[in-house]
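In the numbering used here, the protein residues as written are 11 to 375. Cβ coordinates follow ideal geometry from the N, Cα and C atoms, glycine included. Remarks on the structure that follows.
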C-alpha cells in the first residue's frame, strides 16, 4: 500500500556533514585482494552499534551517534571467522559534524582507535585517502585513486613530526626498561634507522633523513604495565596521535610491534655498540632466503599446480591458480629459475603468505 510521506522536499534542509568508511578484510598493498582469517582482537572505536534484533530499536539506533559524532554498524565480533566465501566487509564507520573538515578529522581519529588483529584490513588505504590533499580539498573524481596511486598503494606516508614522535615513543619504552642507558639505535624496516638520545627532559632524534629535538611525550601509557594497554594516546599541540601496541613486547623492549594509521610496523631497538656489531654481521649475508620462495598473496583454495621440482620456469609463467571470493587468481613466476620444491597441490587450502614453491639456490638465470 502506498503511504504518504510525512515530510516534503521543501521541508528538508542540509544540516552538517557525514562521511562513511566501509571497512573490509582485504589487503590494499596487494591490489585489495581478500584476506580471510579469525579476528583475534576486535575493538571498535567508541560508538553506538546498531542492535541486531528488534525493528523499533534498530530504526531508532540508526539515527544515534555517540558524543564524539561516531557510529559503527558492524556484523562481526572478536573471534569471528572471516570467510573467503562471502563479502569480506567488517563494518561501516560513520562520522558526522557541522563542517566537512571536522567530520574528516573525526573519521580519521575513529579509524586510529579501531583495533583489528587477525585479518588485514583496508584501513591504511582509507587513512591515506583521508589525508590526501585532493580529498581534503574536495577535488574528487572517479579517477582519483588511479591518478594519486598510479603504481598501486604502497602504504601511508608519515610526516616528519609523526616519524619523530614514533621513534621517541618506542625509545621511551626502551629507556623505561633500561634506565641507565642514554641512547638507543632504532630501526624501522630494513632501511630507516635513527639514534635517539635522551637528556633530563628532552629527546634528540638523528637519522639519515630526520634530525630534531623534542620534549618527552605526554601520553596515557603506564610504564611497566605492558599487558594492560592496547591503545596509546599521545597528546600534542598539533593534535593527538593514537598508536596501537601489539603484544607481547619483549621483556628487554628490543622489539616493539605497533599499528599506526591501520598499518603494521615493527621497531627494533638496540644499544649502539650492539647495533654496530649487527651491521657488520648483516653485511656478510649475500643471499636472501626470502628471494627464493613464492608465497600465496591471499588465502584461498588451490585449483591447479602447473610446475614440478626440477622444472625450469620463465618469468611470468603460470605456477599456481588460487580461488578466493569465487575468483581465480593466477600466481606467476617473478623471475626465471629452477623450481627446487613445490609445497602445495590441487585441493589444498592455503593462508596468506603460505609457501607455494621455492627456487633452487644459485639457479636464477
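Residue 329 is positioned such that its CB atom lies closer than 8 Å to that of residue 317.
Separation of residue 29 and residue 143 (C-alpha to C-alpha, rounded to the nearest whole angstrom) is 17 Å. Put simply, the backbone Cα of residue 118 is about 43 Å away from that of residue 315. For residue 302, the number of other beta carbons within 10 angstroms of its own is at least 16, and it is reported as buried. Inter-residue distance for residue 270 and residue 225 is about 21 Å (C-alpha atoms, whole angstroms).
The beta carbon of residue 221 lies closer than 6 Å to none in the same chain, with the five residues before and after it left out.
By the C-beta criterion, the region 149–160 is judged not to be in contact with the region 124–134, since fewer than 3 inter-stretch pairs fall below 8 Å. Distance check between residue 311 and each of 327, 285, 339 places 339 closest, using alpha-carbon atoms only. Annotation note: the region 173–236 contains the following uninterrupted beta strand (DSSP E) runs of length 3 or greater, listed N- to C-terminal: 193–198, 202–208, 212–217, 221–225. Rounded to the nearest whole angstrom, the C-alpha separation of residue 278 and residue 264 is 6 Å. Spanning the alpha carbons of residue 138 and residue 102 requires a straight line of approximately 17 Å.
Following the DSSP letters along the chain, one finds residue 135 in no beta strand (DSSP E) but inside the alpha helix (DSSP H) bounded by residues 133–141. If only uninterrupted alpha helix (DSSP H) runs of at least 4 residues are considered, those enclosed by the region 93–123 are 110–122. Secondary structure of residue 155 (DSSP, three-state): helix. Here residue 198 has 275, 277 as same chain residues with Cβ atoms under 7 Å from its own Cβ, once five neighbours each way along the sequence are excluded. Residue range 365–369 is occupied by the beta strand (DSSP E) that includes residue 369. Between residue 349 and residue 369, the C-beta gap is smaller than 8 Å, which places the two residues in contact. Rounded to the nearest whole angstrom, the CA to CA distance from residue 205 to residue 83 is 43 Å.
Secondary structure of residue 38 (DSSP, three-state): helix. Residue 37 counts as buried, since at least 16 other C-beta atoms from the protein chains shown sit within 10 angstroms of its C-beta.
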